Amino acid sequence: MAVFSVFIIFIILVVLFQHHLRKNMRIEEEAKEKFWQKEKSSLIVRKKEFTESDYIKIPKDQVTFDLEPSFEKGDLMYYRQLIRKLHQLEKLDMMNFSHLSNTEVRLQFGTANQTIIQNNESNYNNYLQVLGKLAKLFADNNEHTMAIKILERCIAMKSDYRDHFILLGHLYSNSGNYVAIKELIKQAEALNSPLKKGLITSLKSL
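All residue numbers for the sequence shown refer to my numbering, where the first residue is 1 and numbers rise by one.
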């Protein structure tokens, strides 16, 4: 009798497992179908005009590079290279749609605009990277005030680079500006990044 009861329970479990398996497979197939329908639709969307709000603007902050810093020769040459690159990038259009998938970009702006957007996003990321290198160069030369201003521009431009947040957090910590660290943590919490949790943990440990 006990063996028969165990057998019945086993059969029930098998039936339930198969039911859930079929249900999950159906849900997965429906999700795939919706994805490919959306993907197909995105390939025929007409080109749409960009608006002013689609472009990334450089903040009107206190960062200027009019006067050369008193770095050693090697660092000064590196600084000049970065400044030349920065000025080149400032003349280019910049965009950031990292929160959208390629399909969503095509649906929103049209298939023909995807390459333009990718190029503008590349300009944006290159600009942030150059700013980050400049900030580190100033920090390494104990020019912390300038490094902070440069990194604050990065954050104002919605940078999600971990190095920008961590270096800025350390500079705030070294100056005892814990109010600024709390604000920086809030900005990190607003990021759309899979690395956000680890970043926030690192900032809270400062």
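The beta-carbon is built from N, C-alpha and C at its ideal position, and this holds for glycine as well.
A quick note: this is a predicted structure, and the numbers were derived from the prediction, not measured.
In the pairwise beta carbon analysis, the stretch 138-155 is classified as not touching the stretch 101-113: fewer than three pairs are separated by under 8 Å. Taking C-beta separations shorter than 6 Å and ignoring five residues to either side along the sequence, the partners of Lys85 in its chain run Val130, following chain order. Look at Asp54 here: in three-state DSSP terms it is helix.
About 24 Å separates the CB atoms of Asn123 and Met146; that is not less than 8 Å, and the two are not in contact. Leu199 and Ala188 have their alpha carbons spaced roughly 7 Å apart.
If you look at Thr201, you'll find it in the alpha helix (DSSP H) that goes Lys196 to Lys204.
Counting along the chain, no alpha helix (DSSP H) covers Gly110, and no H or E run does either. DSSP, reduced to helix, strand and coil, places Leu191 outside both helices and strands of the structure shown, so it counts as coil. Put simply, the backbone Cα of Asn119 is about 58 Å away from that of Ile11.
A residue is called buried when at least 16 other Cβ atoms come within 10 angstroms of its Cβ; Leu167 meets this threshold and is buried. By the criterion of at least three beta-carbon pairs nearer than 8 Å, the stretch 135-143 is not in contact with the stretch 106-117. Arg162 places its beta carbon less than 8 Å from that of Leu195.
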